[in-house]
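Chains as they are written, first to last, in our numbering: chain A, 1 to 117; chain B, 1001 to 1115.
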Amino acid sequence: GAVVSQHPSRVICKSGTSVKIECRSLDFQATTMFWYRQFPKKSLMLMATSNEGSKATYEQGVEKDKFLINHASLTLSTLTVTSAHPEDSSFYICSARVLGIGTDTQYFGPGTRLTVL
Amino acid sequence: AQTVTQSQPEMSVQEAETVTLSCTYDTSENNYYLFWYKQPPSRQMILVIRQEAYKQQNATENRFSVNFQKAAKSFSLKISDSQLGDTAMYFCALHIYNQGGKLIFGQGTELSVKP
C-alpha cells in the first residue's frame, strides 16, 4: 500500500510560538492531501484540503490564518499552527489521496501529537 | 448532506470468534466508495477494506468482509477469527465521486478482542 509519513510525531511548544508539521507521500505522488484533527476517542475532523500548487480549501470554522497549509510539491504538504495556544493541543493527522482507474483512496500518516504549554 | 452513523460505540469479542460492526450512511448520490479504517492504539489509520457502490459483490480481505446493502444504505464489517491485534477503533467512511476526495467518517466503534 501507499506510505505516508508525518514529522514530527510529537511536539511540545510554548504558547505563542508556531509549529510546522510535515506530511510526505513516500512512494507515490499526491496532488491532494488532507489535514485532520482528532480528539481522544473521537472521530477525525477534516480541517482542510491541500492541493498541490494552489491554495488550500478550509472547512467551515477552521481559521485559515491560524492553520497555514502549503502544498509546494507532489509529495509534501505542511501544516503550520501559528501562535499556538493550549486549546490547539490535539492529534493532527494527514492523508494523501491516491486517484487512479477504479480507485480513489486516502492513505494516512501516523499523526502528530501537539501539546501547547 | 451526507452522513455516516456507527451506532455501536464499543464492542468486545473473544479471541477466535466472529464480530460484526454496523454502519449506515445517507446520501442521495449514486456513485460513491465506502471504506472501513482501523485505528489501533498507535493511532495510525489503516485501510481495512474498500467497496465501490456500483459493485454488487461484497468485498473481502482475508478475515475481513463486508455486507453491503445499497438499498438499505448499510455497510457492516465482519471480522472472522478475531485476533488480539484486531483491538482498535474502527471507522466507517463514505466518499462521493467528484467531490474532491473528501471522506465522511462515522463516530467510530471501539473493538476489544479478549483472550
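The beta carbon of each residue, even a glycine, is placed where N, CA and C say it ideally should be. Quick caveat, the model's predicted, so the values are computed rather than measured.
Just confirm the distance between the C-beta atoms of Phe67/A and Met1045/B, as a whole number of angstroms; I'd bet it's less than 8 Å.
Not quite, the Cβ-Cβ distance comes to about 20 Å (not below 8 Å), so this is no contact.
Going by alpha carbons, who is nearest to Thr49/A out of Ala84/A, Leu114/A and Thr32/A?
Thr32/A
Would you tell me roughly how many angstroms separate the C-alpha atoms of Ala84/A and Met47/A, rounded to the nearest one?
16 Å
Is Tyr1054/B buried or exposed, if buried means 16 or more other CB atoms sit within 10 Å of its CB?
exposed
Strand pairing of Cys23/A, partner residues [DSSP]:
Gln6/A and Ser77/A
Sort Val62/A, Leu74/A, Lys41/A and Ser95/A by Cα distance to Gln6/A and report the nearest one.
Ser95/A
Listing by chain order, which chain A residues have their CB less than 7 Å from the CB of Met1045/B?
Ile93 and Phe108
Are the beta-carbon atoms belonging to Lys1004/B and Met1011/B less than 9 Å from one another?
The sequence shown places Val at residue 1004/B, rather than the Lys named in the question. Taking 9 Å as the Cβ cut-off, Val1004/B and Met1011/B do not qualify as a contacting pair.
Please return the same chain residues whose Cβ sits closer than 7 Å to the Cβ of Glu1052/B, not counting the five positions on each side in sequence.
Tyr1033
Does Leu1103/B come within less than 9 Å of chain A when only Cβ atoms are used?
yes
As assigned by DSSP and simplified to three states, the class of Asp65/A:
coil
Looking at chain A, is there any beta carbon in it that lies within less than 9 Å of the beta carbon of Tyr1037/B?
yes
In the DSSP assignment, what residue or residues form a beta bridge with Ala96/A?
Met33/A and Tyr107/A
Can you find at least 3 beta carbon pairs, one from the stretch 33-47 of chain A and one from the stretch 90-105 of chain A, that sit closer than 8 Å?
yes
Beta-carbon spacing of Thr1087/B, Pro1040/B below 9 Å:
yes
Mind listing the chain A neighbours of Gly1085/B? Cutoff is C-beta to C-beta under 8 Å, in chain order.
Ordered by position in chain A, no residue passes the 8 Å Cβ test against Gly1085/B, which lies about 17 Å from the chain.
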